[in-house]
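Step one of this worksheet: look at the structure below.
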Amino acid sequence: MSSKLKIKKKTVLSSELKAQKNEEAMIAGILEGSPDGIGVAVIRLECGCRKMAAVDCKGEAASKVVIYRDEAESICDACKKDNGAFARVVTQFIHWQEPLPDAATRMEIEIKVLGSYTNH
Numbered sequence: 167m168s169s170k171l172k173i174k175k176k177t178v179l180s181s182e183l184k185a186q187k188n189e190e191a192m193i194a195g196i197l198e199g200s201p202d203g204i205g206v207a208v209i210r211l212e213c214g215c216r217k218m219a220a221v222d223c224k225g226e227a228a229s230k231v232v233i234y235r236d237e238a239e240s241i242c243d244a245c246k247k248d249n250g251a252f253a254r255v256v257t258q259f260i261h262w263q264e265p266l267p268d269a270a271t272r273m274e275i276e277i278k279v280l281g282s283y284t285n286h
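If you use the working numbering, the sequence shown corresponds to residues 167 to 286, in order.
This is the structure we're talking about:
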C-alpha cells in the first residue's frame, strides 16, 4: 500500500516539475522574441491557464499577452469568455532577466504591471 502512495506522490511531483519547466520555456521564448524585455509578467489563474507578457524597463508591454494552458490545445472556456479575469488570479509575479534592475525599479515596475497590494 505504501508503494502506491509513493508512486502517486512521484507522479504529482513530476507533473508539477513538468508544469514548471513548461512555464520556464514559455518565459524564455517570450524574452527571446522581445529584445526590449527585461522580465516577464506571469499571472497564474485558478483554472490552470497562465497569462504572460514581456515588460520593458519602463513597465510597458514589450510583447503581446499570451494565454496558455499546459498540455491543452486551447485555453479554458472561462478564459475564452473573460480573458483571464483578475478575480480568478491565484499568483502573479515578474520573472526578471539578468542583470536584474535595482530594487526600486523592480518595485515600480511590479506596481505598474501587477498593481499594488493592500492589507484589509
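Glycine included, C-beta positions come from ideal geometry on N, C-alpha and C.
Buried or exposed: where does residue 211 fall if 16 or more other Cβ atoms within 10 Å of its Cβ makes it buried? By 1-based counting over the sequence shown, the position of residue 211 is 45. The residue in question, residue 211, is buried, as its Cβ has 16 or more Cβ neighbours within 10 Å.
Alpha carbons only, please: which of 237, 230, 245 is nearest the one belonging to residue 199? Position 33 of the sequence shown, counted from the start, is the residue given in the question as residue 199. Ranking 237, 230, 245 by Cα distance to residue 199 puts 230 first.
Rounded to whole angstroms, what is the Cα-Cα separation between residue 206 and residue 213? Along the sequence shown, one-based indexing puts residue 206 at 40. Along the sequence shown, one-based indexing puts residue 213 at 47. Distance between the alpha carbons of residue 206 and residue 213 is about 20 angstroms.
Simplified DSSP state of residue 199, which is helix, strand or coil: Here residue 199 refers to the residue found at position 33 of the sequence shown. DSSP places residue 199 in the coil class of the three-state scheme, outside both helix and strand.
Spell out the partners DSSP gives residue 266 in its beta bridges. The residue given as residue 266 occupies position 100 in the sequence shown. According to DSSP, residue 266 bridges with nothing at all.
Rounded straight-line distance, which links the Cα of residue 251 to that of residue 280: Within the sequence shown, the letter at position 114 stands for residue 280. Within the sequence shown, the letter at position 85 stands for residue 251. Computed Cα separation, rounded: 13 angstroms.
Boundaries (first-last residue) of the beta strand (DSSP E) holding residue 217: Against the sequence shown, residue 217 aligns to sequence position 51. Residue 217 -> beta strand (DSSP E) spans 216 to 221.
According to DSSP, is residue 207 part of a helix, a strand, or is it coil? Here residue 207 is taken as the residue at index 41 of the sequence shown, counted from 1. Note: residue 207 maps to strand in three-state DSSP.
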